[in-house]
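What follows is a single structure, written as structure tokens, with notes after it.
In this note's numbering, the protein residues as written are 3 to 252.
This is the structure in structure tokens:
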């Protein structure tokens with residue numbers, strides 16, 4: 003760290019510059035009372051398997067405590083790396099199950115050309131492995147932005163975008179349920195939303211209603227759009243039958 007007054011390098015924990023005597027305490031971000039770094043970010047276990055598993059265990063099975071004590075500052079690199087590692091491992095195993103279960107499921111699924119499982123063979127699997135990390139990173143920023151805007155609309159964002167991003171990143175720990183065959187994707191999707199609600203409530207100190215609105219509103223809107231499209235198609239089909247010429251019975 004550098005002194006904001008004289009520009010000389012000083013220690014990060016100094017409150018005053020030893021060269022010019024200027025106050026630099028404001029340049030050091032104060033830690034939020036009652037919050038601490040996660041095991042994945044703690045200097046003693048940072049970027050280690052122990053830190054990863056410890057944070058993963060806490061966020062999956064004790065999310066309320068985890069998000070209420072999680073530091074809402076400290077950068078986005080560590081939580082993004084956590085989401086990237088857990089997401090990549092989980093998705094690769096999910097792709098593996100799709101390939102392994104392709105033949106058993108193929109006997110129950112009627113084949114009309116190329117099925118969805120055929121995509122994960124050959125070049126398709128390689129492409130999925132290559133593009134998955136980029137999709138994961140992009141989805142982190144997009145989903146975090148949507149949640150933060152919705153939370154701001156109901157005045158529930160008491161902390162900055164970084165807090166929301168950290169919540170979304172650690173909620174990706176629910177991706178590990180993708181490793182469970184058949185029902186893993188459903189469990190992962192539901193638990194990811196649950197973790198996001200608990201996380202927004204804990205990280206921003208807001209109410210459960212506001213956090214639930216931010217997480218569930220996009221899902222409700224998507225369902226409403228699909229339902230409207232279905233009704234529109236159904237109405238079009240019904241109208242086409244109504245305009246058909248009537249043939250007299252003979």
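The beta carbon of each residue, even a glycine, is placed where N, CA and C say it ideally should be.
### Task
Identify every residue that forms a DSSP beta bridge with residue 72.
For the purposes of this step, residue 72 is taken as residue 70 along the chain shown, with counting starting at 1. Residue 72 pairs with 38.
### Query
Are residue 88 and residue 175 touching if we call contact CB-CB under 9 Å?
Looking up residue 88 in the chain shown gives position 86. Looking up residue 175 in the chain shown gives position 173. Yes, these two residues count as a Cβ contact at 9 Å.
### Task
Between the Cα of residue 54 and those of 84, 39, 91, spot the shortest distance and give me the residue it belongs to.
Position 52 of the chain shown, counted from the first residue, corresponds to residue 54. Of 84, 39, 91, the residue nearest in Cα terms is 84.
### Burial state of residue 68, where buried means 16 or more other Cβ atoms lie within 10 Å
By one-based count along the chain shown, residue 68 stands at place 66. Buried: at least 16 other Cβ atoms inside 10 Å.
### Query
Touching or not, the segment 192 to 205 and the segment 144 to 159, by the rule of three or more beta carbon pairs under 8 Å?
yes
### Reduced DSSP secondary structure (H/G/I, E/B, other) of residue 233
As a position in the chain shown, residue 233 is number 231, starting the count at 1. Three-state result, residue 233: helix.
### Task
Put residue 183 into one of helix, strand or coil per three-state DSSP.
Your numbering for residue 183 matches position 181 in the chain shown. Residue 183 falls in the coil class under three-state DSSP.
### Query
Quick one, which of 166, 223, 171, 162 has its alpha-carbon nearest residue 139's?
Walking along the chain shown from the start, residue 139 turns up at place 137. It is 171 whose Cα lies nearest to the Cα of residue 139.
### Task
Go ahead and label residue 39 buried or exposed: buried means 16 or more other beta carbons lie within 10 angstroms of its beta carbon, across all protein chains shown.
Indexing the chain shown from 1 puts residue 39 at position 37. Looking at its Cβ environment, which holds 16 or more other Cβ atoms inside 10 Å, residue 39 is buried.
### Task
Taking 9 Å as the cut-off, decide whether the C-beta atoms of residue 94 and residue 131 are in contact.
Reading the chain shown from its first residue, position 92 is the one you call residue 94. Reading the chain shown from its first residue, position 129 is the one you call residue 131. Yes, they are a contact pair.
### Task
Would you check if the distance between the CB atom of residue 195 and the CB atom of residue 218 is smaller than 9 Å?
Here residue 195 refers to the residue found at position 193 of the chain shown. Here residue 218 refers to the residue found at position 216 of the chain shown. Closer than 9 Å, so yes.
### Query
Exposed or buried, what is residue 216 when buried is set at 16 or more other beta-carbons lying within 10 Å of its beta-carbon?
Translated into positions along the chain shown, residue 216 becomes position 214. With 16 or more Cβ atoms within 10 Å of its Cβ, residue 216 is classed as buried.
#### Entry: Pick from 22, 21, 60 that is closest to residue 173, judged by C-alpha positions
Counting from 1 along the chain shown, the entry for residue 173 is found at position 171. That would be 60, whose Cα lies nearest to the Cα of residue 173.
### Of the residues 50, 47, 65, 45, the one placed nearest residue 169, counting alpha carbons only
As a working mapping, residue 169 is identified with position 167 in the chain shown. Looking at the Cα atoms, 65 is the closest of the given residues.
#### Entry: C-beta contact flag for residue 220 and residue 99 at 9 Å
The residue labelled residue 220 in the question sits at position 218 within the chain shown. The residue labelled residue 99 in the question sits at position 97 within the chain shown. With contacts defined by Cβ atoms closer than 9 Å, residue 220 and residue 99 do not form a contacting pair.
#### Entry: Closest Cα partner of residue 36 within the set 71, 21, 192
As a position in the chain shown, residue 36 is number 34, starting the count at 1. Cα-wise, what sits closest to residue 36 is 71.
#### Entry: Buried versus exposed, by CB contacts within 10 Å (16 or more), residue 22
Stepping through the chain shown from its first residue, residue 22 is reached at position 20. Classification for residue 22: exposed.
### Query
Could you give the distance in angstroms between the alpha-carbon of residue 233 and the alpha-carbon of residue 222?
In the chain shown, counting from the first residue as 1, residue 233 sits at position 231. In the chain shown, counting from the first residue as 1, residue 222 sits at position 220. If I take the Cα positions, the gap works out to 16 Å.
### Query
What's the gap between the Cα of residue 142 and the Cα of residue 225?
The residue given as residue 142 occupies position 140 in the chain shown. The residue given as residue 225 occupies position 223 in the chain shown. So the alpha carbons of these two residues sit roughly 22 Å apart.
#### Entry: Complete alpha helix (DSSP H) runs within the segment 143 to 216 (minimum length 4 residues, chain order)
163 to 173, 186 to 206
### Query
In or out: residue 45 buried (at least 16 other Cβ within 10 Å) or exposed?
By one-based count along the chain shown, residue 45 stands at place 43. Classification for residue 45: exposed.
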